[in-house]
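Position one of the sequence shown corresponds to residue 304 (this note's numbering), numbered consecutively onward.
This report refers to the structure that appears directly beneath it.
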Amino acid sequence: MAQPFLSIVIPAYNEEARIAQTLDTVAAYAGSRDYSWEVVVADDGSVDGTAALVEAAASEHSEIRLVRLAHGGKGSAVRAGMLEARGEFRFLADADLSMPIEQVERFLPPQLVDFEVAIGSREAPGSRRIGEPSSRHAMGRAYNGMVRLLAVPGLSDTQCGFKCFAAGAAEALFPLQRAVGFGFDVEVLFLARRMGMRIHEVPIDWYFREGSKVKPVRDSFLMLRDLLSVRWNHARGRYGDLQSVSRPSGSAATAAEETGDKRDKSG
């Protein structure tokens, strides 16, 4: 089977209220593009109708696949989805589509080249936050300050749920991921930085959606725990010798020259 140009990985936990609309929106958009694509929904042990709705969408669109998982946390679902994906580029998207799916093009050649990891940013110049409560914003900025101090300096928004990985980067990073909760973002970006991967921040429009699974007090504590665990695991050598891992050769560095061929659906 030919490798798709783009994989869209959606972690989901009890998302029956919106997953059908999300998949319709994603399939309609991706189907209008001139590249091959797939959607991988990593169901994190949902106890509602999420899996059944994904299967219904998959019956209409062969590009959609469901990965059933025991409940383990968002991080574990992301890891499973990324390792199941086959695309040349693997785009992580939250199920609420708080970033309009059309903006995925900002993460892909020809708009973006020469990268291994591209992260959506709600803080980079040109980005917009729409409808976000000030308390939620303040919480995010406080956590990002700790992230920059302890793990990944220089990145203004590590927690945005929209990120793109070149295939080689995904295959190098996600087998090493240990965090299973919301702190997985920082761990993956820490590993990418240690491996010398090129990381770009991409400004996006981000719309606050009701129904977030984040619990501010509980999850702030858990994310801090995960942040400290990253430093602990690295100090104990639990990720191996990251400096010996060569930068993934990849499509992203040369994709601007090959875009015409890679976006041919006939693959």
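A virtual CB, placed ideally from N, CA and C, is assigned to each residue, including glycine.
Note that this is a predicted model, so its numbers are computed, not measured.
Membership of serine 424 in any alpha helix (DSSP H) is not indicated; the residue belongs instead to the beta strand (DSSP E) covering 420-424.
Within the model, the alpha-carbon separation for methionine 449 versus glycine 543 is close to 24 Å. The criterion of a C-beta distance shorter than 9 Å is not satisfied by leucine 525 and glycine 499.
Boundaries for valine 491: no beta strand (DSSP E) harbours it, while the alpha helix (DSSP H) harbouring it runs 487-497, taken from the DSSP string.
In this structure, the alpha-carbon of arginine 501 lies about 5 Å from that of phenylalanine 418. Per DSSP, the beta-bridge partners of tryptophan 340 are Leu309.
The distance from the Cβ of glutamine 480 to that of valine 491 is about 6 Å, consistent with a contact at the 8 Å cut-off. Around the C-beta of glycine 429, fewer than 16 other C-beta atoms lie within 10 Å, and the residue is accordingly described as exposed. DSSP links histidine 503 through a beta bridge to Ala421. Comparing C-alpha distances from glutamine 462 to each of Arg497, Gly384, Phe493 shows the shortest one belongs to Phe493.
One alpha carbon belongs to alanine 323, the other to alanine 360, and they sit about 7 Å apart.
Counting along the chain, the unbroken beta strand (DSSP E) around isoleucine 433 starts and ends at 431-433. At a Cβ-Cβ threshold of 9 Å, alanine 315 and valine 344 count as neighbours. For the region 311-373, the full-length beta strand (DSSP E) segments reaching 3 residues or more read 340-347, 367-372 along the chain. If you draw a 10 Å sphere on the C-beta of glycine 540, you find fewer than 16 other C-beta atoms in it, and that means exposed. DSSP, reduced to helix, strand and coil, places aspartate 508 within a strand of the structure shown. Cβ atoms of valine 455 and arginine 496 come within 8 Å of each other, at about 6 Å. Distances from the alpha-carbon of leucine 453 to those of Leu527, Gly484, Phe511, Arg409 put Leu527 closest. Straight-line spacing of the CA atoms in serine 365 and serine 424 works out to 31 Å.
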